[in-house]
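Residue numbers (our numbering): 165 to 429.
We put the CB at the ideal spot given by N, CA and C, even for glycine.
What follows is a set of notes on a single structure, which appears directly below.
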């Protein structure tokens with residue numbers, strides 16, 4: 165079984181139902197093999213300009229979900245039919261539910277060590293049938309990566325959650341995918357902080373109307389405010405209008421979204 169993939173103007177987007185996703189997880193954990201699940205959002209696209217390798221890395225991942233309500237609406241607006249909308253935070257939660265139902269093992273890589281430990285305690289209480297290994301903090305250098313890989317491979321987790329900032333988490337998953345013994349790797353950003361209770365996810369009603377980012381800005385204004393102002397500008401005044409112009413008006417069949425940032429054809 166393979167997950168259906170769309171080519172959304174140069175971006176690989178996965179199309180699946182929850183049942184199809186879990187069936188694929190079953191296959192992956194039994195074979196065994198290693199897959200990486202990631203999330204495309206408007207927020208990651210502008211980073212293609214600064215990190216030229218990021219587009220290649222993400223498009224080589226196995227499952228690319230739509231991460232962000234605005235991006236989901238945009239994909240729908242452009243005529244693509246999607247079976248489900250599951251952003252990375254909720255894909256991570258659904259994957260933990262899968263681990264709990266099927267007694268799979270989980271390892272957290274990321275955050276500081278105390279936050280990592282607190283997250284594990286909380287997750288053990290919420291998902292008692294899953295096996296949670298002692299985790300590893302995300303503060304390691306490139307020279308220490310081999311030690312981290314060895315740490316993970318000794319545990320042999322079914323699921324590896326990488327809670328590190330971009331592009332470090334993407335590069336780590338790409339670089340070591342074929343060496344890691346984990347079956348399902350999810351670069352999940354700040355979800356370890358969420359599981360530890362340090363950060364809260366946006367309420368569902370804000371998520372539905374595309375304002376989940378406001379919660380992050382309120383919780384971490386110094387880190388998130390100017391970053392999100394820049395991302396909103398890139399989205400509203402560059403990505404969306406330029407894509408619509410090239411596809412709907414100019415009818416440019418060779419256009420891809422990475423072209424906007426000088427990547428691709």
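Excluding sequence positions up to five away, which residues of its chain have a Cβ less than 7 Å from the Cβ of residue i?
i           : result
residue 170 : 177, 179 and 244
residue 408 : none
residue 359 : 283, 286 and 287
For residue i and residue j, I'd like the C-alpha separation in whole angstroms.
i           : j           : result
residue 340 : residue 280 : 21 Å
residue 266 : residue 259 : 10 Å
residue 308 : residue 411 : 45 Å
residue 207 : residue 213 : 12 Å
residue 268 : residue 194 : 11 Å
residue 345 : residue 321 : 7 Å
residue 343 : residue 205 : 27 Å
residue 348 : residue 363 : 24 Å
residue 464 : residue 398 : Limits of the chain in this structure are 165 at one end and 429 at the other, which puts residue 464 out of reach.
With distances taken between CB atoms, is the gap from residue i to residue j smaller than 8 Å?
i           : j           : result
residue 428 : residue 203 : no
residue 356 : residue 294 : no
residue 224 : residue 338 : yes
residue 271 : residue 316 : yes
Could you name the residues that DSSP lists as bridge partners for residue i?
i           : result
residue 273 : 300 and 326
residue 201 : 227
residue 170 : 177
residue 351 : 326
residue 295 : 269
In chain order, what residues of the same chain have a beta carbon less than 6 Å from the beta carbon of residue i, not counting five sequence neighbours either side?
i           : result
residue 273 : 300 and 326
residue 276 : 301
residue 226 : 199 and 200
residue 168 : 179
In chain order, what residues of the same chain have a beta carbon less than 8 Å from the beta carbon of residue i, not counting five sequence neighbours either side?
i           : result
residue 394 : 210
Original post:
Would you call the stretch 297-312 and the stretch 227-246 touching, i.e. three or more CB-CB distances under 8 Å?
Top reply: No: the two stretches stay apart, fewer than three of their Cβ pairs being nearer than 8 Å.
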